[in-house]
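First up is the structure itself, then whatever we jot down about it.
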Amino acid sequence: MFWVVRHIWRLKMTSKIVKKTLEEAHGVPNAEIDFSDKSLVHMDDMNRLWTMRNITRLTLSHNKISEVPPAIANLENMEILNLFNNSLTEVPTSLSGMSKLRILNLGMNRLRSLPRGFGSFPLLEVLDLSYNMLNDESLPENFFMLHTLRALYMR
Numbered sequence: 007m008f009w010v011v012r013h014i015w016r017l018k019m020t021s022k023i024v025k026k027t028l029e030e031a032h033g034v035p036n037a038e039i040d041f042s043d044k045s046l047v048h049m050d051d052m053n054r055l056w057t058m059r060n061i062t063r064l065t066l067s068h069n070k071i072s073e074v075p076p077a078i079a080n081l082e083n084m085e086i087l088n089l090f091n092n093s094l095t096e097v098p099t100s101l102s103g104m105s106k107l108r109i110l111n112l113g114m115n116r117l118r119s120l121p122r123g124f125g126s127f128p129l130l131e132v133l134d135l136s137y138n139m140l141n142d143e144s145l146p147e148n149f150f151m152l153h154t155l156r157a158l159y160m161r
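For the numbering used here, add 6 to where a residue sits in the sequence shown, where the first one is 1.
This is the structure in structure tokens:
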């Protein structure tokens with residue numbers, strides 16, 4: 007019983023931290039947000055985030071997130087997105103529409119495939135797909151057209 011109460015308390019605190027952080031970051035030029043290791047399971051409390059055009063870095067690593075909403079592509083100035091060590095089984099197609107994204111870390115998730123068009127990132131330099139369930143057949147045809155890619159991590 008104590009564990010359940012403690013878990014509910016932690017979830018409420020996490021929700022408050024997310025909302026407060028988003029409020030504070032609103033309007034800050036080149037904002038960098040770190041929600042790593044917050045026991046996040048979903049991104050429902052982050053509706054305000056999808057309207058923030060000032061975010062350049064978003065770290066959501068070491069959580070339990072299972073789904074990334076397509077609205078993430080609204081973050082048009084995002085340069086670094088870190089979703090390392092979550093529970094993602096897929097990523098939205100809209101992700102490849104993030105024209106300023108330079109670093110994308112999707113390592114240590116449960117990805118079995120990548121969406122069509124995933125190779126259309128115009129500026130992507132570093133892509134970490136390590137420790138997923140990906141292989142040559144699960145990669146989209148245009149994956150190897152990532153001309154700006156300098157480092158690819160797969161295992």
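Yeah, the Cβ is synthetic: ideal placement off N, Cα and C, and Gly gets one too.
Source: prediction; values computed, not measured.
So, at 6 Å on beta carbons, what are the nonlocal neighbours of residue 80 in its own chain, with the 5 sequence-adjacent residues on each side left out? The sequence position of residue 80 within the sequence shown is 74, counting from 1. Once the five neighbours on either side are set aside, the close Cβ partners of residue 80 are 56.
Starting from residue 132, follow the beta strand (DSSP E) in both directions and report where the run begins and ends. As a working note, residue 132 is residue 126 in the sequence shown. Note, residue 132: beta strand (DSSP E), 132-134.
For residue 143, which of helix, strand or coil comes out of DSSP? Working through the sequence shown from its first residue, we reach residue 143 at position 137. Residue 143: helix per DSSP, three-state reduction.
DSSP state of residue 88, grouped into three classes? Numbered from its first residue, the sequence shown carries residue 88 at position 82. The answer is strand: DSSP assigns residue 88 an E or B state.
Of all the options 136, 131, 127, which has the alpha carbon lying nearest to the alpha carbon of residue 119? For the purposes of this step, residue 119 is identified with residue 113 of the sequence shown, where counting begins at 1. Nearest C-alpha to residue 119: 136.
Segment limits, beta strand (DSSP E) that includes residue 158: Counting from 1 along the sequence shown, the entry for residue 158 is found at position 152. If you look at residue 158, you'll find it in the beta strand (DSSP E) that goes 157-159.
Which whole-angstrom value is the C-beta distance of residue 65 and residue 84, which I expect to be below 8 Å? Start at 1 with the first residue of the sequence shown, and residue 65 comes out as number 59. Start at 1 with the first residue of the sequence shown, and residue 84 comes out as number 78. With 8 Å as the limit, residue 65 and residue 84 do not qualify as a contact, their Cβ atoms being about 11 Å apart.
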